[in-house]
Amino acid sequence: YLGQLDNVLKNQGTIKTADENTGQTVEPQNAGTRKIIITAMVIKGKLKMNWKYRCDLFDGQTIEKISDDYIQKIESIILHCSTRQQTKRSVSDIGMSGIASNQELDEFLEEKAFSKISAIYPLSPVQEGMLFHSLYDEHSTSYLNQFQCNIHGDLNLELFKMSWELVIQKHTILRSGFHNHGFSLPVQSVHNQVELPFKILDFTEQNHQHLLQEFLLQDRSQRFDMEKPPLMRVTIIRMHSQEHILVWTCHHIVKDGWSSGIICNEVLDFYQELLKGNTPEIKVDHFQHYIEFLKERDQHLEEVFWKKYLNGCSPATLLPFADTKSSRNNGIGEYREITCPLDGNLKMAVEKYIQKNRLTTSTLFQGIWAYLCHVYTGQQDLVFGVTVSGRPAELENAEKRVGLFINTIPFRARIEQDQKISEWLADIQIENSKCREFQYTSISNIKNWNLISNDLFDSIFVFENYPDQVNTSRDIRIEAINNHEQTNYLLTIIASGGLNPTVNFNYNSSVVDGADIQRISDHFFKILNQIVLEDFISIKDLSPITAAEQNILLQDFQGPSVIYKEDETICSMFNRQVQKEPASIALIFENQKLTYKELDIRSDQVAHLIHSRGVKGELVPIMLERSIEMIVGLLGILKSGNAYVPIDPNYPSFRINYILKDTTAKILLTDGKQHNKVSKELLGKLEICAITNDNKELKAQPFSETHSYPTANDLAYVIYTSGSTGQPKGVMIEHKNVMNRLNWGQEYFNFQKEDRFLQKTTFCFDVSVWEIFAPLIVGASLYLATSQGNKDTNYLHSFIDENKLTTVHFVPSLLDVFLLHIKKGQCNSLKRVICSGEALRQSHIRLFSEKFENTPLFNLYGPTETSIEVTSYKVQYFEKVFIGKPIINVKAYVLNVSGKIVPIGVPGELYIGGIQLARGYLNRPDLTAACFSEINDSLGRLYRTGDLVRWNNQGQLEYLDRLDNQVKIRGYRIEMNEISQILTNLKYVTQATVVHNEDHFGNKFLISYVVSENFDENNLRKALREKLPDYMVPTFIISADQIPLKENGKVDKEKLPFPNVLSTAEAEQSYPRNETEQGLLEIWQELLGRQMLDIYQDFFDIGGDSLTVLRLSSAINSKFGILIPVRLLFKITTISGIADYIETTKQHESIDDQTQYEVLDI
688 YLGQLDNVLK
698 NQGTIKTADE
708 NTGQTVEPQN
718 AGTRKIIITA
728 MVIKGKLKMN
738 WKYRCDLFDG
748 QTIEKISDDY
758 IQKIESIILH
768 CSTRQQTKRS
778 VSDIGMSGIA
788 SNQELDEFLE
798 EKAFSKISAI
808 YPLSPVQEGM
818 LFHSLYDEHS
828 TSYLNQFQCN
838 IHGDLNLELF
848 KMSWELVIQK
858 HTILRSGFHN
868 HGFSLPVQSV
878 HNQVELPFKI
888 LDFTEQNHQH
898 LLQEFLLQDR
908 SQRFDMEKPP
918 LMRVTIIRMH
928 SQEHILVWTC
938 HHIVKDGWSS
948 GIICNEVLDF
958 YQELLKGNTP
968 EIKVDHFQHY
978 IEFLKERDQH
988 LEEVFWKKYL
998 NGCSPATLLP
1008 FADTKSSRNN
1018 GIGEYREITC
1028 PLDGNLKMAV
1038 EKYIQKNRLT
1048 TSTLFQGIWA
1058 YLCHVYTGQQ
1068 DLVFGVTVSG
1078 RPAELENAEK
1088 RVGLFINTIP
1098 FRARIEQDQK
1108 ISEWLADIQI
1118 ENSKCREFQY
1128 TSISNIKNWN
1138 LISNDLFDSI
1148 FVFENYPDQV
1158 NTSRDIRIEA
1168 INNHEQTNYL
1178 LTIIASGGLN
1188 PTVNFNYNSS
1198 VVDGADIQRI
1208 SDHFFKILNQ
1218 IVLEDFISIK
1228 DLSPITAAEQ
1238 NILLQDFQGP
1248 SVIYKEDETI
1258 CSMFNRQVQK
1268 EPASIALIFE
1278 NQKLTYKELD
1288 IRSDQVAHLI
1298 HSRGVKGELV
1308 PIMLERSIEM
1318 IVGLLGILKS
1328 GNAYVPIDPN
1338 YPSFRINYIL
1348 KDTTAKILLT
1358 DGKQHNKVSK
1368 ELLGKLEICA
1378 ITNDNKELKA
1388 QPFSETHSYP
1398 TANDLAYVIY
1408 TSGSTGQPKG
1418 VMIEHKNVMN
1428 RLNWGQEYFN
1438 FQKEDRFLQK
1448 TTFCFDVSVW
1458 EIFAPLIVGA
1468 SLYLATSQGN
1478 KDTNYLHSFI
1488 DENKLTTVHF
1498 VPSLLDVFLL
1508 HIKKGQCNSL
1518 KRVICSGEAL
1528 RQSHIRLFSE
1538 KFENTPLFNL
1548 YGPTETSIEV
1558 TSYKVQYFEK
1568 VFIGKPIINV
1578 KAYVLNVSGK
1588 IVPIGVPGEL
1598 YIGGIQLARG
1608 YLNRPDLTAA
1618 CFSEINDSLG
1628 RLYRTGDLVR
1638 WNNQGQLEYL
1648 DRLDNQVKIR
1658 GYRIEMNEIS
1668 QILTNLKYVT
1678 QATVVHNEDH
1688 FGNKFLISYV
1698 VSENFDENNL
1708 RKALREKLPD
1718 YMVPTFIISA
1728 DQIPLKENGK
1738 VDKEKLPFPN
1748 VLSTAEAEQS
1758 YPRNETEQGL
1768 LEIWQELLGR
1778 QMLDIYQDFF
1788 DIGGDSLTVL
1798 RLSSAINSKF
1808 GILIPVRLLF
1818 KITTISGIAD
1828 YIETTKQHES
1838 IDDQTQYEVL
1848 DI
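Quick note on the working numbering: the sequence shown kicks off at 688 and runs consecutively.
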């Protein structure tokens, strides 16, 4: 379209249009690249159109038809418009073609009143975000700004109001409303006229400060209707005749910080003109120009830049101080602020430093926040938000415009510990300049391009470099400017330069504790001082922790120091109880009872038997089921001056023989029947000693003491735990180590001789140590559960009730099952329930509080290497779950990867120090040196736990996760590398990895992925069971073509398939044949989380374990009314077999018949 040539030629004088045809202007053979070219112009009052087309594609009749249709359409438009009684806008008039329809526009204008609106256009991306957060919560005051200042002088209130109205009339953004409905995207509408809410209050005769603070709070709580401009209000509070307070409250969606200064200065300029009697001239500032500028940006170039910028970056950088991730950035809650001005010396030091290193103040402060984000998250490559001015040079008078031009973009910082601080800050300055060209991109686009669905960061850094002075005049003076702002982010750091530099920490107090933010501000200024005043050179030299915080971490949060008798041992304390209460009942198992004196005599006889074999100061393995003999044997070994090594008779022979070899044992205590798994080679080297009543040699031993009691520095026991090399490792614990734990427990739990303890934990798990010996050193009674009783909740309920037990221990997963099937009021003899061994969850606590109103629940924590437990927490039912505070004579430190203490609230690895540290690992000096070491001289010898924890503000430790390839399942510590190692040692396996997951009950289980040409799940299980205890055999073994790896060579667990695939056995499925089998199938599907099941599959081969068996027993009882003993479910392990049992049981009327069936089946 060439335009209206009549208007052009009218002014050309002698030049006129010719009536003749000019002929061809282009060589006919030059077809060009376009199929059709249409040239249009208005000449001599008429529209003239010239159609050129490619003859090889179209004929003349076709083009004539198209041109005729075109003219008809134009005539219909003319006819339509000429019949209109009033002007109507189309979407093209408002720049929304392709975005909205004319019908949508008509409906919108009809609803909003056409005459009031002068323009409609889309929002900027930042405005869209603010509108979302304003609408997200009807009570939220996100992005509300409250500006406050004192005005001194004779203020003409009428002219002052007029000045504000003139400013609103000048800037279209201040007359804009924001709409989320009517179009397919949000729009802003500019109104021709708006009425400014202008209120005058008089506080001259009242309590100024109280009323002022009350008003400011009330004003901040008053939201704006986003559709009704202006989104601002002005309140003038008269304090005295010559002093007023201006409170200007405005939504951030219509202005940024730079705009605030412009508006204030324009108000005062207009005020001065009005005082002089002049009418100020107004040149309208159209915010729409900025929206049009954004539309013209090249999206492709922006996408390429931001993809490259964030490529390979760490996942989200989120501060660890918030309780939940979901509520971090929604803006809901009460926002507060901590303001920290720079004193004179620090201000001068900052100016000197940035001049010397050619940096900006913004770069320095931004670098400090980057370093603190590294400290708080442990990330070397991190991201946080920075707010940029967003005022493009291409936009005329950009620095004098009013509106929301700022934008928040990601800033990526990399931390290299050895880098010089000045060089690192220079790198940050360069990175900022790289981003400047692409500072207009919306954060939502950046996240979408990089496939980021959740929060990328929860903190933003803002540097306000606009003038902080407001114009004054001879008539009025502005002082004491205060500005309250609120964003939707968890934390906004607002730093300002100028004459009075400050750093403000604006935070959501509903999500994060004010004490945490106060510490952050302390850390910020500590680092600032170290850089500009103390002249620190390298990043690795920096430390944010203040002296006060360090004292809290190293002193206040640690376990108290208590001095116990140095020569105290388990034997000496037990002997003291024998002297005090010889006739009291010490031990009860089934129908057997032993008094303290009887237990003393029998254990002395075992000690003499051991001595008779010449064994002193050595390791003595003991392999027995839970029984009277087991306790007698343990005490006897200790009394003989030796250390006991517990071995579960149910271990595979490979593991049993490995432990016997590793201990170089000379004798093995058993019941005379449990040594069939010992290799012939070892049987020729060690002696099997039966410690049963029918052993005449044992009964012939003296009743007296051996006089070989151990000292506090002697070993008490060696317990084997899972090892990452494929072999278990023996942890050596001395008497002084375990005695500290027992002494603390006696005082903390107030154990008395009247207490009755349940012993149900396998003696290969270190919790058994205090279960067994805590009652025996205070004169209490120890009740032993049957060998399978610990797996049967019905048995445990009855056993606790019948014997009126007062103290029990559970791993949380077993506690969960125990609580599910207990009635309120049952087991009410319990004075305390103690948990440890794995993470206690809030669901456990809720269930416990429902069943036990007055019984306290304790959560304890500690690795085997630190003598059972080293921290304790009395559970509060409505708080988070903690592992608690260090116990007496124990130190707990949370360190980062560099071995430095981390601040309160920051995750780090837990290191344990103090008297309970093990001697080390048996025959493993290399591993001992790696796990027990002196990180630095001030902290002493420490054990590295591999657990990720953090301190809270009250000195409680919170467990977060594991840092290595280790997991605790039902209290057993499992090195998954040990399982992988055994699998990869098999000739037919090329690769294997083991991971853990959780079922829908929250219980952990193992999954093994195996690459093998001849994959056979049954053969793999058989191979594992030959070398590992049952609890270490993975629930699922899955065939894989390859093990996916990340770029760093580690297994990419997210790409491993979840085990809902069919095994070979499931592919050849046998279906239920009757209602009973169908009902059992449904129970199995629910418990195991698998749909395709076979009635002949073994329960334990497809995901079942001891905890699931408990649930299975209860489910069967509930569905069929048949109570199957748990121990029987370990023998009848298929749907087919259980169904037969149920049908047979239904035919018998008495429990005796069930027992008969059970005997016959065995």
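Ideal Cβ positions, reconstructed from N, Cα and C, are used throughout, including at glycine.
Here the structure is a predicted model, which is why all the values come from computation and not from measurement.
Please state whether DSSP places residue i in a helix, a strand or coil.
{"i": "G1054", "result": "helix"}
{"i": "A1273", "result": "strand"}
{"i": "A1605", "result": "coil"}
{"i": "H839", "result": "strand"}
{"i": "M817", "result": "helix"}
{"i": "L1138", "result": "coil"}
{"i": "C951", "result": "helix"}
{"i": "Y668", "result": "Residue 668 is absent from the structure shown; the chain starts at 688 and stops at 1849."}
{"i": "Y1675", "result": "coil"}
{"i": "T770", "result": "coil"}
{"i": "E1755", "result": "Note that E1755 has pLDDT 45, beneath the 50 cutoff, so the model's placement of it is unreliable and the number below is only indicative. E1755 falls in the coil class under three-state DSSP."}
Assuming residue i contacts residue j under a Cβ cut-off of 8 Å, what Cβ separation, rounded to an integer in Å, is found between them?
{"i": "P916", "j": "G864", "result": "5 Å"}
{"i": "A787", "j": "T859", "result": "So it is not a contact: roughly 20 Å between Cβ atoms."}
{"i": "I1207", "j": "L1059", "result": "7 Å"}
{"i": "L1322", "j": "F1276", "result": "Not a contact, Cβ separation roughly 14 Å."}
{"i": "A1461", "j": "F1444", "result": "7 Å"}
{"i": "G1571", "j": "Y1564", "result": "At roughly 15 Å, the Cβ-Cβ gap does not stay under 8 Å, so G1571 and Y1564 are not in contact."}
{"i": "F1071", "j": "S1146", "result": "5 Å"}
{"i": "L1799", "j": "I1819", "result": "Not a contact, Cβ separation roughly 11 Å."}
{"i": "L1215", "j": "I1025", "result": "Not a contact, Cβ separation roughly 15 Å."}
{"i": "Y1176", "j": "V1593", "result": "Contact doesn't hold; Cβ gap of about 19 Å is too wide."}
{"i": "I887", "j": "L844", "result": "6 Å"}
{"i": "K942", "j": "L822", "result": "Between L822 and K942 the Cβ distance is about 19 Å, and since that is not below 8 Å, they are no contact."}
{"i": "V1852", "j": "T1677", "result": "The chain is shown from 688 up to 1849; residue 1852 falls before or after that span and cannot be answered."}
{"i": "T1821", "j": "I1782", "result": "7 Å"}
{"i": "Q1475", "j": "R1814", "result": "4 Å"}
{"i": "K1303", "j": "S1395", "result": "6 Å"}
Name the DSSP bridge partner or partners of residue i?
{"i": "N1684", "result": "F1692"}
{"i": "T1026", "result": "N1191"}
{"i": "C1522", "result": "F1497, N1546"}
{"i": "F1144", "result": "T1004"}
{"i": "E1596", "result": "L1582, L1635"}
{"i": "I1724", "result": "S1695"}
{"i": "I1532", "result": "DSSP, once it has assigned bridges, lists no residue as partnering I1532."}
{"i": "V877", "result": "A806, S863"}
{"i": "S1620", "result": "L1629"}
Give a yes or no on contact between the stretch 1655-1670 and the stretch 1625-1640, applying the rule of three or more CB pairs nearer than 8 Å.
no
Below 8 Å, can you find three or more Cβ-Cβ pairs linking the stretch 1094-1102 to the stretch 1060-1077?
yes
Could you check whether the stretch 722-729 touches the stretch 737-748, counting it as contact only if at least three pairs of C-beta atoms, one from each stretch, sit closer than 8 Å?
yes
Are the stretch 1707-1717 and the stretch 1331-1346 touching by the rule of at least three beta carbon pairs closer than 8 Å?
yes
At 3 residues or longer, what runs of the beta strand (DSSP E) sit wholly inside the stretch 883-934?
885-889, 919-927
Counting pairs of Cβ atoms below 8 Å between the stretch 1490-1510 and the stretch 1454-1470, do you hit three or more?
yes
Go through the stretch 1051-1130 residue by residue and report every complete run of the beta strand (DSSP E) that reaches 3 residues or more, in order.
1068-1075, 1094-1101
Taking contact to mean 3 or more Cβ pairs, one atom from each stretch, closer than 8 Å, check whether the stretch 1041-1049 and the stretch 1220-1231 are in contact.
no
Counting Cβ pairs, one atom from each stretch, are 3 or more of them under 8 Å apart for the stretch 946-963 and the stretch 846-857?
yes
Assess contact between the stretch 1429-1440 and the stretch 1400-1415, defined as three or more Cβ pairs (one per stretch) separated by less than 8 Å. Is contact present?
no
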